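Below is one structure, written out as structure tokens, with a few remarks after it.
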Amino acid sequence: MYQSILVPVDGSAHSHVAVELAAELISRPEGRVYLLNVQPSVGNTQDLLGRAASAPAEASEAAKSDGESLLQRAIEEAGVAPDNVEFDVKAGAPSDTIVHEAGRLGVDAIVIGSRGASRLSSLILGSVAYRVLHAADCRVVLVR
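Just so it is clear: in the sequence shown, position 57 is 57 by the UniProt record's numbering, and no numbers are missing.
Given below as structure tokens:
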């Protein structure tokens with residue numbers, strides 16, 4: 001049993017199973033599950049004509065809202081006790097953000113799906129789970 005677990009949630013089936021597993025692995029009643037959704041950073045995006053694609057603040061708020069909805073759904077579907085859960089939405093590179101948050105929170109473990117929502121980004125950029133596995137200073141549990 002763990003006192004604190006970080007679970008990255010991206011809406012994939014594997015991340016859903018990771019939330020369920022974290023709920024089983026956490027010590028009750030004092031244990032904590034931290035759910036984290038990482039949205040891509042909103043920078044100076046432009047369309048093909050060089051115009052701003054959208055206002056960064058609006059895009060950032062929309063991404064945060066989407067992430068919060070995703071996390072709320074994950075809590076409800078996994079049946080995690082709300083008293084034991086905290087959730088947050090961050091912007092940045094997923095693997096770096098996950099590892100940073102795990103260190104900041106001082107969690108005992110990260111429970112992460114072995115495949116994310118986007119297989120294409122996994123092929124192009126490499127596996128987020130693989131990077132987290134090798135960069136984290138705590139235990140990492142991979143879920144498939």
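Beta carbons are placed, not taken as given, at the ideal position from N, Cα and C, and that holds for glycine.
In this text, all values refer to a predicted model and were calculated from it rather than measured experimentally.
Label Ser65 either buried or exposed according to how many other C-beta atoms from any shown protein chain fall within 10 Å of its C-beta, with 16 as the threshold for buried. Here the question's residue 65 lines up with position 65 in the sequence shown. Ser65 should be labelled exposed.
Identify the continuous beta strand (DSSP E) that holds Arg139 and give its terminal residues. Here the question's residue 139 lines up with position 139 in the sequence shown. For Arg139, the enclosing beta strand (DSSP E) stretches over residues Arg139 to Val143.
Could you check the C-alpha separation between Ala22 and Val7 for me, to the nearest Å? As a working note, residue 22 is residue 22 in the sequence shown. As a working note, residue 7 is residue 7 in the sequence shown. C-alpha separation (whole angstroms): 7 Å.
Chain-order list of residues whose beta-carbon lies under 7 Å from that of Ser114 (same chain, five-residue window excluded): As a position in the sequence shown, residue 114 is number 114, starting the count at 1. The residues His14, Ala129, Leu142, Val143 and Arg144, in chain order, have a CB closer than 7 Å to that of Ser114 in the same chain once the five nearest residues on each side in sequence are set aside.
I'd like the span of the beta strand (DSSP E) that includes Ser15, first residue to last. Locating residue 15 in the sequence shown gives position 15, counting from the first residue. Element bounds for Ser15: not the beta strand (DSSP E) but the alpha helix (DSSP H), Ala13 to Leu25.
Tyr2 and Leu35 - do their beta-carbons sit closer together than 7 Å? Against the sequence shown, residue 35 aligns to sequence position 35. Against the sequence shown, residue 2 aligns to sequence position 2. Result no, Cβ atoms of Leu35 and Tyr2 do not sit closer than 7 Å.
Local conformation of Asp88 per DSSP, three classes: Here residue 88 refers to the residue found at position 88 when the sequence shown is read from its first residue. DSSP, reduced to helix, strand and coil, places Asp88 within a strand of the structure shown.
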